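Contents: one structure, followed by commentary.
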Amino acid sequence: MRFSTLLVATHNAGKLREIREVLGGWVGELRAQTQVPDAPPPADETADTYQGNALLKAEALHAATGLPTMADDSGLEVAALGGRPGLHSSRYGTSDGDRIRRLLEELAGVPEPDRGARFVCVVALALPGGARHFFEGVCPGSILTAPRGAGGFGFDPVFLVEGLDRSMAELPIGRKNQLSHRARALAALRDWMARD
Ligand code: ITT
2 MRFSTLLVAT HNAGKLREIR EVLGGWVGEL RAQTQVPDAP PPADETADTY
52 QGNALLKAEA LHAATGLPTM ADDSGLEVAA LGGRPGLHSS RYGTSDGDRI
102 RRLLEELAGV PEPDRGARFV CVVALALPGG ARHFFEGVCP GSILTAPRGA
152 GGFGFDPVFL VEGLDRSMAE LPIGRKNQLS HRARALAALR DWMARD
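The number in the working numbering is simply the position in the sequence shown, starting from 1, with 1 added.
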């Protein structure tokens, strides 16, 4: 087993659930930031790349604990909006419902063939001794005109997965964890862990 303890620098419960399911058997103990005594406050996401923001989050918790730490920075890129909300997805609204409402409003009248989108995820890993690693995953799809399904979190109910007639929120969690942007980034992390 590569890590006896791996910290996860996130305050997003949906992400944490997915990370736990995918990495559960691969590390001794997966501990969330909220379970770390005296953990620093959420890092300001001031970088202009997913990689930069993922690293800011991982570094802050790693600096406070000295323990191996991973963080996820992710977003939804909508072609008709020039790639927005992208890096600013969590700041696009004040709640999941609010973000979905705003997205559907911005896309009102945009026909189906022009509603292409993709989810992007970069996982950063900060290790004792200074090593830093990055793993990326992308999941293509399109934006529905109304929410469908109750699973997942965030934009999942309005994201139609490419090649499936299902929204991300209509997939069982195990299926989302095989094909999502986060699943792909975490699979790359697992491959890396399996190599050494
Ligand atoms: P942490 O920084 O604490 O990890 P966060 O929610 O602020 O949590 P991000 O800055 O990475 O995380 O923002 C990602 C946003 O992108 C997230 O809040 C959702 O709105 C959206 N998002 C990311 N992954 C998603 C997924 O799997 N399904 C639906 N929406 C997702």
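Just so you know, even glycine gets a beta-carbon here, dropped at the ideal spot from N, CA and C.
Just so it is clear, the structure is predicted and the values come from calculations on it, not from any experiment.
Among the options, nearest to residue i - alpha-carbon criterion
i, options, result
"LEU172", "ALA151, ALA44, VAL23", "ALA151"
"LEU31", "ARG191, ARG92, THR6", "THR6"
"HIS89", "ASP99, SER75, ASP97", "SER75"
"LEU68", "GLY175, ASP99, ALA132, ARG191", "ALA132"
"SER181", "GLY153, MET194, ASP192, TRP193", "GLY153"
"HIS12", "LEU24, GLU22, ALA33, GLY26", "ALA33"
"VAL162", "ARG149, PRO141, ALA48", "PRO141"
"GLU107", "ARG185, VAL124, VAL9, GLY84", "GLY84"
"LYS177", "LEU190, VAL139, TRP193, THR35", "VAL139"
"SER168", "ARG185, THR35, ALA147", "ALA147"
Per DSSP, cross-strand counterpart(s) of residue i
i, result
"THR70", "LEU8, ALA127"
"ILE202", "Outside the displayed range of the chain (2 to 197) lies residue 202, so it cannot be described from this structure."
"ALA33", "VAL9"
"GLU78", "PRO86, ARG119"
"ARG196", "Paired residue(s): none; ARG196 is not in a bridge."
Exposure of residue i, with buried meaning 16 or more beta-carbon neighbours within 10 Å
i, result
"GLU78", "buried"
"SER96", "exposed"
"GLU19", "buried"
"THR66", "buried"
"PRO86", "buried"
- prompt: Quick one, what's near the ligand ITT if you take every residue whose CB is closer than 5 Å to any heavy atom, in chain order?
  reply: My final list is THR11, HIS12, ASN13, ASP74, SER75, GLY76, SER90, SER91, GLY155, PHE156, ASP157.
task: Spell out a yes or no on whether the stretch 44-63 and the stretch 112-120 are touching, meaning 3 or more CB-CB pairs, one atom from each, closer than 8 Å.
output: Note that the stretch 44-63 does not touch the stretch 112-120; fewer than 3 beta-carbon pairs, one per stretch, sit closer than 8 Å.
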